[in-house]
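**Student:** Sharing a structure here in structure tokens format.
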Amino acid sequence: MPRRTPRTVLDRLRTPRRFPKFLKSASVCVLIAGLLSPLSQAAATAAPSAAATNDYCGGQCSDILPPGENGNATLVEILLNQAFGTQPGHAEDQLAPYGNLAKGYSGLTDAKINDFFNDASFGVPSGQVASTVKPRSDVTIVRDKKTGVPHITGTTRYGTEFGAGYAAAQDRLWLMDVFRHVGRGQLTSFAGGAPSNQGLEQEFWRNAPYTEADLQAQIDNATAQAGERGKQALADANAYVAGINAYIDASDSGRYFPGEYVLTGHKDSITNAGTIDHFKLTDLVALASVIGALFGSGGGGEVNNALSLLAAQSKYGVAEGTKVWESFRQRNDPEAVLTVHDGESFPYAVKPDDAQGEALPDAGSVTREPLVYDRTGSAGTAAATGASTKAARSSVSSAKRGMSNALVVSGKHTASGHPIAVFGPQTGYFAPQLLMLQEIQGPGLSARGASFAGLSMYVELGRGQDYSWSATTSGQDIIDTYAVELCQDDYHYLYHGTCTAMDKVERTNSWKPTVADGTAAGSYRMQVYRTKYGPVEYRATVGGKKVAYTTLRSSFMHEADSIIGFQMLNDPDYVKSPQTFQSAVQHINYTFNWFYADSSHTAYYNSGDNPVRATGVDADFPVWAQPAYEWRNWDAATNTAQYTPASAHPNSVDQDYYISWNNKQAKDYAAAPWGEGSVHRGNLLEDRVKKLVSAGGVTRSALVKAMADAALADLRAEDVLPKLLKVINSSTVTDPAAAAAVSKLSAWVTAGAKRTETSAGSHTYADADAIRILDAWWPLLVKAEFEPVLGSDLYAAFTGSIPVDEAPSAGHGPTGSHAGSSFQYGWWSYVDKDIRAVLGESVQGGLTQKYCGSGSLGACRDALISTLKEAAGKTAAQVYPGDDQCSAGDQWCADSIVQRTLGGIKHGKISWQNRPTYQQVVEYTSHR
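One gets the numbering used here by counting positions in the sequence shown from 1 and adding 562 to each.
Spelled out as structure tokens, the structure:
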């Protein structure tokens, strides 16, 4: 079946044919003519900007964020885009330079960096001011001509934050509105009942089923516990929300609000009837819950782990089955690439010698807790129920969390003697983008960079006056599964010996067709049962006793707590050194790897509220919901506990270099996701940066080239394919079809194993046949290598814990296909270790047995050649079957990056790159 790109929110606006006939052709022009006279926005004039005196980067800070800063479009602009392909100003101007790096990096020099990035210096140079807006007397928003980024300068703290809110609404109002509804589980009622919208709200609300009182309580608790900084954060947030609402009012009365409000039926294009609801503080918490769930919550999946363990024990017996399971789990693989590579150990969530309190389910007893009830109309279609199934699967899988990379080199190894960093978050590609850029300067605030739309009261990833910082998703385990014993009925459970009622939280959503989403009318009710140990995810029996499996994460009911850490990062009087940087990010309770660079130092810190587990508790499996197995000093009323101290988190200052691509952080810091073994995409960075550091004299352009080169690499081809070919070539290949395939694959490896165009814009890959063959071969060879020995049941169980492949053309991860991010989760380590073992090579942390050909080199070779011939015989149309973006057989298009529409504006595709969405290149020349 053809793959389909997930269609979210306003994806139905992608082509003009989806508009009613009265909006087509000449009628479009008539309607536009009638709408071209809205009142102008707040007075905007071109004015010179004062030169920045607090910038210590010496013009050597750059950044980029595609597709463009402007994520708002009026109805007129949407209609023009749909009818004629025109773009609003600054909506797409960053897409070409970002995309061009894929073919332009080979000749990169420091002088050419800003051909592909933008100058990220503070301020706006004289003559580059495009507009100046003063939404209040105490704040000015200057936008530059090149990118349209807002540079916010306030004379008061309130005015500065008001300006940040106003600028955010200018650039992302519709997107912010969409995601506050996603966080509340109310997207379909707001934006339409498309199956993808149903799936999106279900996925996130299942993880964070909060009531309005819960959202408010999180604000109250976060600010009350942080003293004066908490009070300041609350004042900042109030000012920020006031700025958002001021823009809503101004754009409403001026009739330049985002056109999606008309197309979704919230506003009338002729009379201006209808409302755009004001934002409130609880909206920010709802937004934060979405971002935290998507990028900053590691762990979970204990029930799936239990099921695959039971499958292994059923196949091999308890003792041997456990060994087999552990060998695939790779909690602490000795060959895994590490971010802290100096040998320091940071034990966390390690396998206990004698596990206590495990509550493994009885065979065949596990059922997933339903979320959706009372479906009517289009909510009952096969597409809708399929979206629900996919959302449920995604919401409990730790394998969906990841993305982002970092390359940081100490000044000891650079040409200038100053550290260099190339880093950024890999957040997918959307139109408008989830992130937005800004510079914010005011009392106690001095920063430029990216923030998630609707949470931009502070810069979340970017630079200060003399330092830059960034993050990658770390994913360490802060989520545990508890088996609560039921009593009385299915909705009561034992809590410390008392039969206690579960709390039921509900959302009822309904929708009807609109211009934006023609999905037929429908409705449903979402229902979650919550316990003191978190929401119910599964039902089962354990030793014959009926239980509910609940999921408890340390950041549950604490979505707002991280605001203090971000406030500190933006405070020039707080962050002045690696140590104060580490102190700031210690206040962030989401699971991230944080990186820092100034003119003399680099630093790293792994954040997150890591609970201290009871002695003997194995974090990989469900445990009984009993006091003996709870987190230490856990308070059920506040969901707080004892957390591991800062010194126990992987951290470092001035290591020779750091790399991170969501790989293992440090020795003995147990991997929460599966797949952190001998081959990981982090190796693509490690190999290149290590080589640069060894040679010395690293420059900004050299480090960018290392990143860009890794961004085009096929991990399987670079790190595993040579070993597969070694097995095949252990004897002469006599079959003509197999020999031809081997020749093509070998030539590709020799050429560098890249997925790259023949020339810029050709839309044709060099080594296209070899790429097609490997894409077809990988799933075939993995199955032929492992399933005969594991058996179909255990093989299926393991593939349920970690997918076999994550090629660019596959639909995977939190954003589906055409998402850029690739090769994070797959069976490459298993294949690597097994093939090396069959070849008789040394393997540390190997699998418990040899799988390929049951250990026989000849039989292994036969299996590889047989599957290779099958793969080589597949046509491009079979390997790349097409979807709603690409025709069958179009290899380049199948890999291409699509800016997934979350609004009415669509953009063109760019060639595949596996790199951060927002990215900085920095080298500071001095320090305060």
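All C-beta atoms in this analysis are idealised placements derived from N, C-alpha and C, irrespective of residue type, glycine included.
#1: Tell me which residues share the same chain as residue 945 and place their Cβ nearer than 6 Å to its Cβ, disregarding the 5 neighbours each side in the sequence.
#2: Taking just the CA atoms, how far does residue 908 sit from residue 609?
#3: Does the count of Cβ pairs from the stretch 1147 to 1158 and the stretch 1027 to 1041 closer than 8 Å reach three?
#4: Would you list, in sequence order, the uninterrupted alpha helix (DSSP H) runs of no fewer than 4 residues that lie entirely inside the stretch 773 to 834?
#5: Pick out whichever of 776, 764, 881 and 731 has its Cα sitting closest to the Cα of residue 820.
#6: Is the stretch 1323 to 1330 in contact with the stretch 1445 to 1463, if contact means three or more CB pairs nearer than 8 Å?
#7: Please go through the same chain and pick out, in chain order, the residues whose beta-carbon is closer than 7 Å to the beta-carbon of residue 1258, but skip the five residues on each side of it.
#8: So, is residue 893 buried or exposed, given that buried needs 16 or more other C-beta atoms within 10 angstroms?
#9: Consider the C-beta atom of residue 1430 and the heavy atoms of the ligand PLP; say whether any pair is separated by less than 7 Å.
#10: How should residue 816 be labelled, buried or exposed, when 16 other C-beta atoms within 10 angstroms of its C-beta is the threshold for buried?
#11: Check for me: the beta strand (DSSP E) holding residue 997 runs from which residue to which?
#12: Does chain B have any CB closer than 8 Å to the CB of residue 1289?
#13: Below 8 Å between beta carbons: does that hold for residue 1013 and residue 1000?
#14: Note down, in chain order, each residue of its chain lying with its Cβ closer than 6 Å to the Cβ of residue 911, except the 5 sequence neighbours on either side.
#15: Terminal residues of the continuous beta strand (DSSP E) containing residue 967?
#16: How far does the alpha helix (DSSP H) with residue 1427 in it reach, from first residue to last?
#17: In terms of alpha-carbon separation, which member of 729, 1382 and 1345 lies closest to residue 1366?
#18: Contact check, residue 1278 vs residue 1196 under 8 Å by CB: the rounded distance?
#19: How close, in whole Å, do the beta carbons of residue 927 and residue 1102 come, if the pair is a contact with beta carbons under 8 Å?
#20: Skipping 5 residues on each side, what residues in its chain have a beta carbon closer than 7 Å to that of residue 1067?
#21: Report yes or no: do the stretch 633 to 644 and the stretch 1467 to 1476 share at least 3 C-beta pairs separated by less than 8 Å?
#22: For residue 1487 versus residue 618, is the C-beta distance shorter than 8 Å?
#23: Starting from residue 713 and walking both ways along the beta strand (DSSP E), at which residues does that stretch end?
#24: DSSP three-state call for residue 1398: helix, strand or coil?
#25: Got a sec? Which residues, its chain only, sit under 6 Å from residue 1490 by beta carbon, not counting five neighbours each side?
#26: Comparing alpha-carbon positions, which option in 884, 625, 1387 and 800 lies nearest residue 1242?
#27: Give me, in chain order, the residues of the same chain whose beta-carbon lies closer than 8 Å to that of residue 1284; leave out the 5 immediate sequence neighbours on both sides.
#28: Under 8 Å: do the stretch 787 to 795 and the stretch 824 to 839 share three or more Cβ pairs, one atom per stretch?
#29: Quick one: what does DSSP say residue 616 is sitting in, helix, strand or coil?
#30: What does the Cβ neighbour count give for residue 1513, buried or exposed, with the cut at 16 atoms within 10 Å?
#31: Please look up how many angstroms separate the CB atoms of residue 781 and residue 849, rounded, as I've assumed it's under 8 Å.
#32: Just the C-alpha distance for residue 656 and residue 1475, rounded to the nearest angstrom, thanks.
#33: What are the start and end residues of the alpha helix (DSSP H) that includes residue 1114?
#34: I believe residue 1251 touches residue 1268 by the beta-carbon criterion, under 8 Å. Please report the beta-carbon distance rounded to the nearest angstrom.
#35: When we look at the beta-carbon of residue 1141 and count the other beta-carbons within 10 Å, is it buried (16 or more) or exposed?
#36: Can you tell me which of the three DSSP states residue 1229 falls into?
**Tutor:** Walking through what the data contain:
#1: Counting from one through the sequence shown, the residue named residue 945 turns up at place 383. 757.
#2: On the sequence shown, position 47 is the one that residue 609 refers to. On the sequence shown, position 346 is the one that residue 908 refers to. In this prediction, residue 609 has a pLDDT of 43, which is less than 50 and means its spatial position is unreliable; nothing more can be read from the coordinates.
#3: yes
#4: 774 to 786, 789 to 816 and 822 to 825
#5: Against the sequence shown, residue 820 aligns to sequence position 258. Among 776, 764, 881 and 731, the Cα nearest to that of residue 820 is on 731.
#6: yes
#7: Taking the sequence shown and counting its residues from 1, the one referred to as residue 1258 is at position 696. So the qualifying residues of the chain are 975.
#8: Position 331 of the sequence shown, counting from 1, holds the residue named residue 893. When all chains shown are included, residue 893 counts as buried.
#9: With respect to the ligand PLP, the structure offers nothing, as it holds no ligand at all.
#10: Locating residue 816 in the sequence shown gives position 254, counting from the first residue. Exposed: under 16 other Cβ atoms inside 10 Å.
#11: Position 435 of the sequence shown, counting from 1, holds the residue named residue 997. Residue 997 -> beta strand (DSSP E) spans 997 to 1004.
#12: Structure shown: chain B not included; a single protein chain is present.
#13: For the purposes of this step, residue 1013 is identified with residue 451 of the sequence shown, where counting begins at 1. For the purposes of this step, residue 1000 is identified with residue 438 of the sequence shown, where counting begins at 1. Result yes, Cβ atoms of residue 1013 and residue 1000 sit closer than 8 Å.
#14: Taking the sequence shown and counting its residues from 1, one reaches residue 911 at position 349. If we look at residue 911 and ignore the five residues flanking it on each side, its Cβ neighbours are 1039, 1181 and 1232.
#15: In the sequence shown, the residue the question calls residue 967 occupies position 405. Residues 967 to 971.
#16: As a working note, residue 1427 is residue 865 in the sequence shown. From DSSP, the alpha helix (DSSP H) with residue 1427 extends over 1419 to 1434.
#17: Locating residue 1366 in the sequence shown gives position 804, counting from the first residue. Among 729, 1382 and 1345, the Cα nearest to that of residue 1366 is on 1345.
#18: Taking the first residue of the sequence shown as position 1, residue 1278 is located at position 716. Taking the first residue of the sequence shown as position 1, residue 1196 is located at position 634. Actually they do not touch by this definition, with Cβ atoms about 43 Å apart.
#19: Against the sequence shown, residue 927 aligns to sequence position 365. Against the sequence shown, residue 1102 aligns to sequence position 540. So it is a contact: roughly 4 Å between Cβ atoms.
#20: Your numbering for residue 1067 matches position 505 in the sequence shown. Excluding residues within five positions, the ones whose Cβ falls inside 7 Å are 771, 773, 1090 and 1092.
#21: yes
#22: The residue you call residue 1487 lines up with position 925 of the sequence shown. The residue you call residue 618 lines up with position 56 of the sequence shown. Cβ atoms of residue 1487 and residue 618: closer than 8 Å.
#23: Working through the sequence shown from its first residue, we reach residue 713 at position 151. Taken as a continuous stretch (DSSP letters only), the beta strand (DSSP E) holding residue 713 covers 712 to 716.
#24: As a first step, residue 1398 is located in the sequence shown; it is residue number 836 there, counting from the start. Helix.
#25: The residue you call residue 1490 lines up with position 928 of the sequence shown. Cβ neighbours of residue 1490 beyond the five flanking positions: 1028.
#26: Walking along the sequence shown from the start, residue 1242 turns up at place 680. Nearest of 884, 625, 1387 and 800 to residue 1242, Cα basis: 1387.
#27: Position 722 of the sequence shown, counting from 1, holds the residue named residue 1284. Same-chain partners within the cutoff: 1311.
#28: no
#29: For the purposes of this step, residue 616 is taken as the residue at position 54 of the sequence shown. If DSSP states are grouped into helix, strand and coil, residue 616 belongs with coil.
#30: Any property of residue 1513 remains undetermined from this structure, which presents the chain solely from 563 to 1490.
#31: Along the sequence shown, read from residue 1 onward, the residue named residue 781 stands at position 219. Along the sequence shown, read from residue 1 onward, the residue named residue 849 stands at position 287. Contact flag wrong, Cβ pair sits at about 13 Å.
#32: Taking the first residue of the sequence shown as position 1, residue 656 is located at position 94. Taking the first residue of the sequence shown as position 1, residue 1475 is located at position 913. Those two C-alpha atoms are separated by around 15 Å.
#33: Looking up residue 1114 in the sequence shown gives position 552. Unbroken run through residue 1114 is the beta strand (DSSP E), 1107 to 1115; no alpha helix (DSSP H).
#34: Residue mapping note: residue 1251 aligns to position 689 of the sequence shown, counting from 1. Residue mapping note: residue 1268 aligns to position 706 of the sequence shown, counting from 1. Confirmed, Cβ separation roughly 6 Å.
#35: Position 579 of the sequence shown holds residue 1141. Flag for residue 1141 reads exposed.
#36: The sequence position of residue 1229 within the sequence shown is 667, counting from 1. Of the three classes helix, strand and coil, the one that applies to residue 1229 here is strand, per DSSP.
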